[in-house]
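Residue numbers (the numbering used here): 196 to 406.
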Amino acid sequence: MKVGKILGKFKMTKHFHLNITDTTLTISRDTDRIDAEAALDGIYVLRTTATPTEFSTDAVIGAYKNLAQVERDFRSLKAIDLDLRPIHHRLDDRVKAHVLICMLAAYLTWHMRKALALLTFTDEHPPARQDPVAPARRSAAAATKAARKTTTDTALPARSYQALLTHLGTLTRNDLRYGDNGPIVPTLTAPTDTQRRAFDLLGAAVPLTLT
């Protein structure tokens, strides 16, 4: 079991023949498997049911690479932004409702990331790839934004998306009472320039009250 665990850790089990008895351990290389895999070194094979008239080779590669965005959204759903797990419900209807709410929140998060890209380190206009196999490159504007840590159109500080949400969270409503018996007056903290710009990008006015 220990041998299998070690080989499995490094994903090398398929390259060896193991013969384990009560008193002996024999390991030999599976040369056929090793040679077959060596022949594919540096080659990535994508298989699709789409026909050449439906998707060109470049389109298939581009679609595969776009899966990275889907994987990012699932990470956001499960842990980074929305904390889908752990699920503290037991009844089926409540579990389904919990997942549905998280999916709707993930949809909202996707749109907010896109709308607020100008205030984050996100590349707003990534250059089109001339070669779909080549690594993606950031635009000159995105590189400048990352180096200066300011937005491209103003001198506002650029942040990660999570840091921007934290900053937006400082926009609060405080209930103030004037005097011991005076009325309670709900008061909104003064929005910062970044908060005002964020609401502008979202196409919404800064709320006078928070509910």
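For every residue, glycine included, the Cβ atom is placed at its ideal position computed from N, Cα and C.
- Counted as a single uninterrupted DSSP element, the beta strand (DSSP E) harbouring residue 370 occupies residues 368 to 372.
- Comparing alpha-carbon positions, the option among 217, 309, 248 lying closest to residue 356 turns out to be 309.
- Rounded to whole angstroms, the separation of the alpha carbons of residue 293 and residue 333 is 37 Å.
- Taking a C-beta distance under 8 Å as the contact criterion, residue 256 and residue 327 qualify as a contact pair.
- The residue from 387, 364, 267 with its alpha-carbon nearest to that of residue 305 is 267.
- Of all C-beta pairs linking the stretch 387 to 397 to the stretch 307 to 323, three or more are shorter than 8 Å, placing the two stretches in contact.
- Under the three-state reduction of DSSP, residue 283 is assigned to coil, being neither helix nor strand.
- Inside the stretch 246 to 282, DSSP marks no whole beta strand (DSSP E) run of 3 or more residues.
- For residue 212, the enclosing beta strand (DSSP E) stretches over residues 211 to 215.
- When the Cα atoms are used, residue 207 and residue 385 turn out to be separated by approximately 60 Å.
- In this chain, the alpha helix (DSSP H) harbouring residue 361 covers 356 to 363.
- Taking residue 373 as the centre and dropping the five residues before and after it, the same chain places the C-beta of 380 closer than 8 Å to its C-beta, in chain order.
- Each of 290, 376, 258 was checked against the Cα of residue 243, and the nearest Cα belongs to 258.
- In the structure shown, residue 351 adopts coil according to DSSP, grouped into three states.
- By the C-beta density criterion, residue 299 is exposed, having fewer than 16 other C-beta atoms within 10 angstroms.
- Taking residue 284 as the centre and dropping the five residues before and after it, the same chain places the C-beta of 290, 293 closer than 7 Å to its C-beta, in chain order.
- Short of 7 Å from the beta carbon of residue 341, and not among the five residues preceding or following it, lie these beta carbons of its own chain, in chain order: 316.
- Residue pairing by DSSP places residue 345 opposite 352 in a beta bridge.
- Counting C-beta atoms within 10 angstroms of its own C-beta, residue 370 has fewer than 16 neighbours from the protein chains shown and is therefore classed as exposed.
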